[in-house]
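Visitor: First the structure, which I've put down as structure tokens, then a few questions once you've had a look.
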Amino acid sequence: MANKRLFLYNKSMYKFWQKTFQIIGVLALIASAVLVVWLFKMGILNDQNALKDWVSHYKIVAPLIFIIIQIVQIVIPIIPGGVTTVAGYLVFGPILGFLTNYIGLVAGSVILFLLVRRYGKPFIRLFTKDKEIQKYEQKLDSKWYEYFFIFCMASPISPADIVVMITGLSSMSLRRFTTIILITKPFSILGYSYLWIYGGELLRYLMRM
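Here the sequence shown stands for residues 394 to 602, numbered as in our numbering.
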């Protein structure tokens with residue numbers, strides 16, 4: 394009876410956290426939109442000098458806070474990572490923006506991998522539907538999975554978070570995983586930043602042709 398009660402308690406708590414993360418995801422998206430509007434009204438997004446002044450005013454704290462934000466958005470994958478990646482580039486510039494993105498994304502990916510390695514598929518189910526898990530889990534049996542993983546980590550348009558979590562279910566070692574992340578993340582960071590920042594300009598140019 395005690396074991397049964399414990400199971401029901403755990404199941405109840407599990408459902409609670411599933412629902413909680415869904416709500417947090419919605420609130421986080423709303424908060425992101427509000428933040429963008431606020432930064433725009435403050436002149437930070439549409440005035441390069443205001444942007445530089447804002448960053449220099451918080452030159453030590455701002456990068457550290459951003460790194461923590463990047464780690465959190467990887468470990469709790471409820472916000473599209475591209476949003477914060479581009480934000481880092483716009484706020485801190487190409488060099489510091491790249492470094493803060495790189496440190497945060499690498500650290501977050503390693504932590505996420507270890508969490509899945511520790512808690513398994515139930516952890517993934519907190520954020521992802523079973524259908525989506527099965528879609529990528531089937532690829533684990535392929536001898537080409539590591540190449541698929543490398544491609545997803547280097548690509549700016551791949552579902553990186555779910556692939557990291559699925560890889561946590563594989564036999565890949567932490568050392569191998571970390572090495573791949575360290576090598577491939579620069580490509581995805583640069584690719585995503587330039588794709589979304591300059592992609593709009595390219596699209597407008599093509600439309601005028």
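Heads up, the beta-carbon is just placed ideally off N, CA and C, and yes, glycines get one too. The model shown is predicted, which means the values in this text are computed figures rather than measured ones.
(1) When the Cα of residue 578 is compared with those of 559, 497 and 539, which residue comes out closest?
(2) Considering only the alpha carbon of each residue, which of 487, 553 and 556 lies closest to residue 586?
(3) Less than 8 Å between the CB atoms is what I'm expecting for residue 514 and residue 504, so what's the real figure, rounded?
(4) Mind reading off the beta-carbon distance from residue 506 to residue 580? Whole number of angstroms is fine, and I expect it under 8 Å.
(5) Given that a residue counts as buried once 16 or more other Cβ atoms are within 10 Å of its Cβ, and exposed if not, what is residue 495?
(6) Residue 560 to residue 483, Cα distance in whole Å?
(7) So, under 8 Å CB-CB, residue 533 and residue 563 are touching, yes? Tell me the CB distance rounded to an integer number of Å.
(8) Going by the beta-carbon positions, is the gap between residue 465 and residue 502 smaller than 9 Å?
(9) On the DSSP letters alone, give me the boundaries of the alpha helix (DSSP H) that residue 516 sits inside.
(10) Three-state secondary structure (DSSP) at residue 551?
(11) With DSSP run on the structure shown, which of helix, strand or coil describes residue 543?
(12) Taking its Cβ as the centre, do 16 or more other Cβ atoms sit within 10 Å of residue 479, making it buried, or is it exposed?
Guide: In terms of the structure at hand:
(1) 497
(2) 487
(3) Going by Cβ atoms, the distance from residue 514 to residue 504 rounds to 18 Å, so no, they are not a contact pair.
(4) Actually they do not touch by this definition, with Cβ atoms about 19 Å apart.
(5) buried
(6) Approximately 31 Å between the Cα atoms of the pair.
(7) 5 Å
(8) Between residue 465 and residue 502, the gap from beta carbon to beta carbon reaches 9 Å or more.
(9) 514-518
(10) coil
(11) helix
(12) buried
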